[in-house]
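What follows is a set of notes on a single structure, which appears directly below.
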């Protein structure tokens, strides 16, 4: 059975493709999910791709990853800058985390420059668009191969 990587997306990403396309692009979340599915298949991973606008639901998914997932790729969206609860849940999951952002958050408003997730993440990808998700999965593949040695 291939290792499972949980790919989580936070609030408003369900509007991807129509919300601020100059910032986030024209791809939909379904397009990103399809890209992740293709990437996972090529890399020998299994993914579970999810999005929610409800913080408690995201926390429950993170808690569930603790015993069954090899890693978490997360785009916490606005919760990046506000949620200690998500940061604490990611630490408690005891699985490696990679933080992904479609846009370059450091080139945007000052409030977006702070992340509660970055200090506990193995890696942070920002500004690569949807390709950042592929890069995160590729990095997990490499990490897991190193762990198998």
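In the working numbering, the protein residues as written are 1 to 149.
Note that CB positions come from ideal geometry on N, CA and C, so glycine has one too.
Which ranges does the alpha helix (DSSP H) cover as unbroken runs of at least 4 residues, wholly within the segment 8-48, from first to last along the chain? 21-24, 29-43, all fully within the segment 8-48.
I need the straight-line Cα distance from residue 41 to residue 68, nearest angstrom please. Cα to Cα, the separation comes out at about 19 Å.
Anticipated Cβ contact below 8 Å, residue 127 with residue 100, distance rounded: The C-beta distance from residue 127 to residue 100 rounds to 10 Å, too long to fall under 8 Å, and the pair is not in contact.
Terminal residues of the alpha helix (DSSP H) in which residue 55 lies: 55-65
Counterpart residues of residue 74 in DSSP-defined beta bridges: 8, 99
In the DSSP assignment, the beta strand (DSSP E) including residue 124 goes from what residue to what residue? 123-126
What number of angstroms, rounded off, separates the C-alpha of residue 85 from the C-alpha of residue 105? 21 Å
Leaving aside the five residues before and after residue 149 along the sequence, list all residues of the same chain whose C-beta is less than 8 Å from its C-beta, in chain order. Any reading at residue 149 needs caution, since the residue's pLDDT is 47, under 50, leaving its predicted position unreliable; the model's value is listed next. If we look at residue 149 and ignore the five residues flanking it on each side, it has no Cβ neighbours.
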